[in-house]
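What follows is a single structure, written as structure tokens, with notes after it.
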Amino acid sequence: MNEFNLEQINQWVLKKHHLLEDSKINDIVQVTEDICGLHATGTKEPYLTLFARLSRFKKEDLDKELYINKTLGRIRGMRKTLFIQTKKMIPIIYSTTKHLIEKLFEKYLNIRDISSEDYKKLSKEILNLLNQKEMSTSEIKKTLSSQKDIRAIISVMCDEMVLIRTNPIKSWKDRRIRYAPFRDYFPEININRYDEEEALKILVKKYLHSYGPSTEKDIVWWTGIYKSKIRRVLDQFRDEIATIKISPLNHEFLILQTDIEKLNNLTLTQNNTITFLPQLDPYLMGYKDRERYIEINNYEFVFDRSGNITSAILLDGRIIGVWDVTEKPDPMVKVLFFCKIDEYVLDKAYKEAYRIGEFIMEKEVQLKECKQMIPLTKRTAGGFMTPLKD
2 MNEFNLEQIN
12 QWVLKKHHLL
22 EDSKINDIVQ
32 VTEDICGLHA
42 TGTKEPYLTL
52 FARLSRFKKE
62 DLDKELYINK
72 TLGRIRGMRK
82 TLFIQTKKMI
92 PIIYSTTKHL
102 IEKLFEKYLN
112 IRDISSEDYK
122 KLSKEILNLL
132 NQKEMSTSEI
142 KKTLSSQKDI
152 RAIISVMCDE
162 MVLIRTNPIK
172 SWKDRRIRYA
182 PFRDYFPEIN
192 INRYDEEEAL
202 KILVKKYLHS
212 YGPSTEKDIV
222 WWTGIYKSKI
232 RRVLDQFRDE
242 IATIKISPLN
252 HEFLILQTDI
262 EKLNNLTLTQ
272 NNTITFLPQL
282 DPYLMGYKDR
292 ERYIEINNYE
302 FVFDRSGNIT
312 SAILLDGRII
322 GVWDVTEKPD
332 PMVKVLFFCK
342 IDEYVLDKAY
352 KEAYRIGEFI
362 MEKEVQLKEC
372 KQMIPLTKRT
382 AGGFMTPLKD
């Protein structure tokens, strides 16, 4: 069995995720493809995910791909979570996850007192409205004058790929978005191109290409698919998978056979790579077994009780702290480190803190180093979104 050390593996995954200086590119669609999508639960996170991976990135670049070129779309995907995906990946994700999402539809609508007849009638009316122009939820509600939960109906229509989520009403931080008919927005996409088994095989192989080496538990976590299905799919291309060890970790990892030679030929770059990643970044949310990039003693400060990760500071692929921003009373970036940092590394971290703060707030920011924080596991739901809240 091949064995590699932690430094090799971390640099390998950083390189695949375009997080090393020499692996950054200026192709938003390619980066999105290479990391299997951008987490899009929040408004800012997709932009910050790309900011960390592209050498020249402006917010309007992502908007252009989403709303003008229409090379990307915001859909519900793995673990029933919102992602921005490439057009190539949308039918794969849809066929893989639709059985999980469909199970929630009837229960979700029943809780909101929406019968199947209500849904059919109102979804048809909503579609007719959107055939004329893109509209927001509030605009649709005002036009229909219905007492039913229009937001819930729109959500289900999006998950059924009847509608697609489009541009925000105002800025990139605005949670209020518009909607359009999916077929009009993406006329060339056949969402039924793959059956579930075929789509899942493609997705699992793509995951291993983007995130391997990984464990079976990682794949189950990332996809949100039952272990029995994942194991059956892995058996279909078991001859393309190798098992390796990562020193000093104890368990075994899966990797594509084609990646073994690439790993053996990997030239390690200079150390001291500092990376600021947003909450729910794919590099960190792609694994259930996380000891490769975090010390167990720091886990409660980075992950909450649901497994959501906060905004993290990495040194050579391992988490050394967390960061946060506040806009009032003054624009500020806060940082907290879990250990003593060499002055040279600290200087790089400060520069990166200023850089990302100015990207977010579009003005000069102050910097504050915090010395303590309440563990995320001891905070209420959503605490991971403001880890260094006073």
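At position 150 of the sequence shown the residue is numbered 151 (our numbering), and the sequence of numbers has no breaks.
Quick reminder that beta carbons are idealized off the backbone N, C-alpha and C, glycines included.
All values derive from a computational prediction rather than experimental measurement.
Check                                                                                                                  : Outcome
Ranges of the beta strand (DSSP E) found wholly within the stretch 109 to 169, counting only runs of at least 3        : 164 to 169
Residue 58 - DSSP class collapsed to helix/strand/coil                                                                 : coil
Buried versus exposed call for residue 158 [16 or more other C-beta atoms within 10 Å across all chains shown]         : buried
Limits of the alpha helix (DSSP H) - the one that residue 344 falls within                                             : 344 to 362
Spatial neighbours of residue 393 in its chain, beta-carbon cut-off 8 Å, leaving aside the 5 residues before and after : In the structure as shown, the chain begins at 2 and stops at 391. Residue 393 is therefore absent and cannot be evaluated.
Boundaries (first-last residue) of the beta strand (DSSP E) holding residue 333                                        : 333 to 338
Beta-carbon proximity of residue 126 to residue 181, cut-off 8 Å                                                       : no
Beta-bridge pairing of residue 387 - partner residues as DSSP gives them                                               : In the DSSP output, where bridge partners are listed per residue, residue 387 has none listed.
Neighbour-count burial assignment, residue 174, 16 or more Cβ in a 10 Å radius                                         : exposed
Residue environment, residue 46, which counts as buried when at least 16 other CB atoms sit within 10 Å                : buried
Closest by C-alpha distance to residue 252, when choosing among 216, 221, 258 and 240                                  : 216
Per-residue burial, residue 382 [other beta carbons within 10 Å of its own, 16 or more giving buried]                  : exposed
Residue 57 burial status per 10 Å Cβ neighbour count (16 or more: buried)                                              : exposed
Beta-carbon gap between residue 269 and residue 8 smaller than 8 Å                                                     : yes
Per DSSP, cross-strand counterpart(s) of residue 253                                                                   : 246
Delimiting residues of the beta strand (DSSP E) encompassing residue 370                                               : 367 to 370
Spatial neighbours of residue 169 in its chain, beta-carbon cut-off 6 Å, leaving aside the 5 residues before and after : 175 and 178
Residue 46, DSSP secondary structure in three states                                                                   : helix
Test item: CB-CB of residue 305 and residue 377 under 8 Å                                                              : yes
Span of the alpha helix (DSSP H), counted from its first residue to its last, around residue 283                       : 283 to 286
When 266, 309, 331 and 339 are compared against residue 12, the one with the closest alpha-carbon                      : 266
Contiguous beta strand (DSSP E) assignments of at least 3 residues, all confined to the stretch 286 to 321             : 313 to 316
Short Cβ contact (8 Å threshold) for residue 374 with residue 316                                                      : no
Inter-stretch contact (C-beta, 8 Å, three-pair minimum) for the stretch 113 to 127 and the stretch 57 to 71            : no
Cβ pair residue 167, residue 151 closer than 8 Å                                                                       : no
DSSP three-state assignment for residue 232, whether helix, strand or coil                                             : helix
Own chain, CB closer than 7 Å to residue 286, minus 5 neighbours either side, in chain order                           : 40 and 310
CB contact flag (residue 190, residue 154, <8 Å)                                                                       : no
Option nearest residue 144 by Cα separation, candidates 123, 161 and 291                                               : 123
Counted within 10 angstroms of its Cβ, other Cβ atoms place residue 18 as buried (16 or more) or exposed               : buried
8 Å Cβ shell around residue 247 - same chain, five flanking residues per side excluded                                 : 4, 5, 6, 7, 10, 214, 254 and 293
Cβ-based neighbour list, residue 149, same chain, cut-off 7 Å, excluding 5 preceding and 5 following                   : 115, 119 and 123
4 or more residues per run - each alpha helix (DSSP H) lying fully within the stretch 71 to 112                        : 91 to 112
7 Å Cβ shell around residue 322 - same chain, five flanking residues per side excluded                                 : 314, 336, 337, 338 and 339
Local Cβ density within 10 Å of residue 2, reported as buried at 16 or more and exposed below that                     : exposed
Closest Cα partner of residue 221 within the set 205, 26, 352 and 298                                                  : 205
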